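Below is one structure, written out as structure tokens; comments come after it.
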């Protein structure tokens, strides 16, 4: 059965790369954008830009309405109870830092923060640094053979000193869904707050942070077929109320005197300075596009592509997968071949994959590899892309071995 | 051209004749295979070039007649890049080495792409390190 993507034509970027002879299999780093998103971005600027939330003129009203409509669209996408639970940041990294600084006052020396061994640097370093500032202990939950957080170990490591659990939903290296329901239950039983890094998970299927029971859910717009410059923090209302203001300046202030000030509550109180107005509006357009698609058809296509990828990799001598990938991507190494060499020869043949440690250096340190090659998939990829990848892989390996 | 060291002239001749990624990759691997491995005692953190995806070590010694460099990496293609780099700089006159345009050297070999800023292979870091060593 040929694997055809009915959505490929909606993404001018993938078609442009194809005309250049490039096969794009690096969507876990950033995704190509649908035409409707490009139209929305251009439409906002070409139609008359204005700052949001302040002026009374027509352009400002139009920009503010469109900006807030995007917030409502994100709230709908996450099945949030209210748009006020959606905070826009400049990227996912800033959202993690917002929580780390906004909650800092709640931690005392000796408290513990639990993360998993597979976290992206963005969901590791803000906590590591917070631990250093406050004398906290960073507890790293180990993984099992499949590449999921080891639940029995987590049950012993998440304890009465745990104040926060911060874990990924879908690993950007291993492609494994993490046992969030169980982990969140363990943390909540200890009265700890919970944060989920949804940067990869949000792109595959629909997710409901409220149903999941986490306090904070973070993702970035650019991986979800949206523009860069926008991150999203979804927070449970009670958790939101515990965050302290962390960046100060325009937009977030209600009353300012020379020696004191009062600030807006969330969301505006956490969106200091002029936000990325055009990109936020454009993210709304990406979500409208995604909402127009048949979710079952999208999921089936992604699963078929992923299965084809795994079958092809497993069929090749000496290829070793990292963990047991379940969705979206696969990372692999080849016996006696340095991943940097392989990544370079794939790149030379016009195949865009990622080599290296994928912003998770401690994970590679732990599994004892110098890096790997990661292939990641999106809606617009098709069987042809994978066929060319495998052909390039075979040629590269023939040369290197 | 006549001022080039003999090894550099040889590199230039073979890389200019190579067309296509495959031929260049084969040449890089051949050159890399000729690079003498560094004994483990020299594979130290101090000799390591930071900022590379694979491990790279670089050692420079200044002699009367010129600089002597040794380098090694655990990635094969990078070993090849190091080999053609050393072919150009090894034995070079101490007063002239700081003025060498090494990016231009890789361009002459048809290997400019290896120096693009998005490359994480570390060749840029190696060039920066050589620059620091010969300035000092």
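Protein chains in written order, with the UniProt record's numbering: chain A, 1 to 401; chain B, 1 to 136.
Note that the Cβ used here is the ideal one computed from N, Cα and C, for glycine as well.
Only a predicted model underlies this, so the values are computations on that prediction, with no experimental measurement involved.
Output, in sequence order along the chain, the residues in the region 52-67 of chain B whose CB is closer than 9 Å to any CB in chain A. Shown in chain order are the members of the region 52-67 of chain B whose Cβ falls below 9 Å from a Cβ of chain A: 52, 53, 54, 55.
Nearest to residue 397 of chain A by CA position, among A/383, A/356, A/358, A/334, is which residue? It is A/334 whose Cα lies nearest to the Cα of residue 397 of chain A.
Report yes if the C-beta distance between residue 280 of chain A and residue 351 of chain A is below 8 Å; otherwise report no. Against a cut-off of 8 Å, the Cβ pair of residue 351 of chain A and residue 280 of chain A comes out as no contact.
Verify whether the separation of the beta carbon atoms of residue 7 of chain A and residue 98 of chain A is less than 8 Å. In this structure, residue 98 of chain A does not lie closer than 8 Å to residue 7 of chain A by Cβ.
Strictly by DSSP, which residues pair up with residue 231 of chain A? DSSP, once it has assigned bridges, lists A/89, A/220 as partnering residue 231 of chain A.
Spatial neighbours of residue 395 of chain A in its chain, beta-carbon cut-off 6 Å, leaving aside the 5 residues before and after: Counting only Cβ-Cβ distances below 6 Å, and skipping sequence neighbours, we find nothing.
Residue 85 of chain B versus residue 14 of chain B - alpha carbon distance: Using only the alpha carbons, I get a separation of about 14 Å.
To the nearest angstrom, how far is it from the Cα of residue 21 of chain B to the Cα of residue 375 of chain A? Taking the straight line joining both Cα atoms gives about 21 Å.
Chain B contact for residue 344 of chain A (CB, 8 Å cutoff): Yes, residue 344 of chain A counts as interfacial toward chain B.
Can you tell me whether DSSP reads residue 113 of chain B as helix, strand or coil? In this structure, residue 113 of chain B counts as helix in the three-state DSSP scheme.
If you reduce the DSSP assignment to three classes, tell me which class residue 96 of chain A lands in. Taken through DSSP and simplified to helix, strand or coil, residue 96 of chain A comes out as helix.
Does any residue of chain B have a CB that is nearer than 8 Å to the CB of residue 227 of chain A? Contact of residue 227 of chain A with chain B is not assigned, every C-beta pair being separated by 8 Å or more.
Considering only their Cβ atoms, is the gap separating residue 67 of chain B from residue 134 of chain B smaller than 8 Å? The beta carbons of residue 134 of chain B and residue 67 of chain B sit closer together than 8 Å.
Give me, in chain order, the residues of the same chain whose beta-carbon lies closer than 7 Å to that of residue 112 of chain B; leave out the 5 immediate sequence neighbours on both sides. These residues qualify, in order along the chain: 106.
Decide yes or no for the touch test of the region 116-136 of chain A against the region 256-272 of chain A: beta carbon pairs closer than 8 Å, at least 3 of them. Output reads no: the region 256-272 of chain A does not touch the region 116-136 of chain A.
Suppose you measure from the CA of residue 205 of chain A to the CA of residue 122 of chain B; what does that come to, to the nearest Å? So the alpha carbons of these two residues sit roughly 37 Å apart.
Under 7 Å Cβ to Cβ from residue 326 of chain A, same chain only, skipping five residues before and after it: list those, please. So the list reads 175, 176, 177, once near-sequence residues are dropped.
When DSSP labels each residue in this structure, what does residue 71 of chain B get in the three-state scheme? Note: residue 71 of chain B maps to strand in three-state DSSP.
In chain B, what lies closer than 8 Å to residue 399 of chain A by C-beta? Neighbours of residue 399 of chain A in chain B, taken as residues whose beta carbon is under 8 Å from its own, are 22, 25, 26, 29 in chain order.
Does the distance from the CB of residue 88 of chain A to the CB of residue 275 of chain A come in under 8 Å? Result yes, Cβ atoms of residue 88 of chain A and residue 275 of chain A sit closer than 8 Å.
Select from B/37, B/63, B/73, B/33 the residue whose C-alpha is nearest the C-alpha of residue 52 of chain B. Taking only the C-alpha atoms, the option nearest residue 52 of chain B is B/73.
Assigned exposure category for residue 154 of chain A - 16 Cβ within 10 Å defines buried: Counting the other Cβ atoms within 10 Å of the Cβ of residue 154 of chain A gives 16 or more, which makes it buried.
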